[in-house]
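Visitor: Structure incoming, see below.
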Amino acid sequence: MVSVYEEGTDTDRIFQALSNGTRRDILKRVMTDDICVSALAKRYPMSFAAVQKHVAVLESAGLVGKSAKGREQLVRGDVGTVEAVKDLLEELEELWRSRLERFEDVLNETKG
């Protein structure tokens, strides 16, 4: 169940997008409700254009999508992509736990 690492994959874009605190906060906000970009921009001490760029990074990673509602662009979180990230992290945790179990077995062998 070990995935092959390929540089430049969607996974790289997702984790790069998630590496920024503002983008993580935007993602949290749009996971519960669709929010227009202008309303998001009012919540941060940065320009509208800067918030738009953060949303664009999240969108290119597949973490959010945008839809038009009149003149506004609504941003919504993509649950499928978030679930894929969760699955990858659970896979890594499983590998780590397996390693710890093997380590525990070696320790028990040396005791006996």
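Counting in the working numbering, the sequence shown runs from 1191 upward without gaps. The beta carbon of each residue, even a glycine, is placed where N, CA and C say it ideally should be.
(1) Can we count T1199 as close to the ligand MG, meaning its CB is less than 6 Å from some heavy atom?
(2) So, using beta-carbon positions, are V1265 and V1247 closer together than 7 Å?
(3) Quick one: measure Cβ to Cβ for I1216 and H1244, integer angstroms, because I've assumed they're closer than 8 Å.
(4) Mapping the DSSP letters down to three states, classify K1256 as helix, strand or coil.
(5) Excluding five sequence neighbours on each side, which residues of the same chain lie with their C-beta closer than 6 Å to the C-beta of C1226?
Guide: For this structure:
(1) By its list of ligands, the structure shown contains no ligand whatsoever, and the ligand MG lies outside what it can speak to.
(2) no
(3) 6 Å
(4) strand
(5) E1262 and L1264
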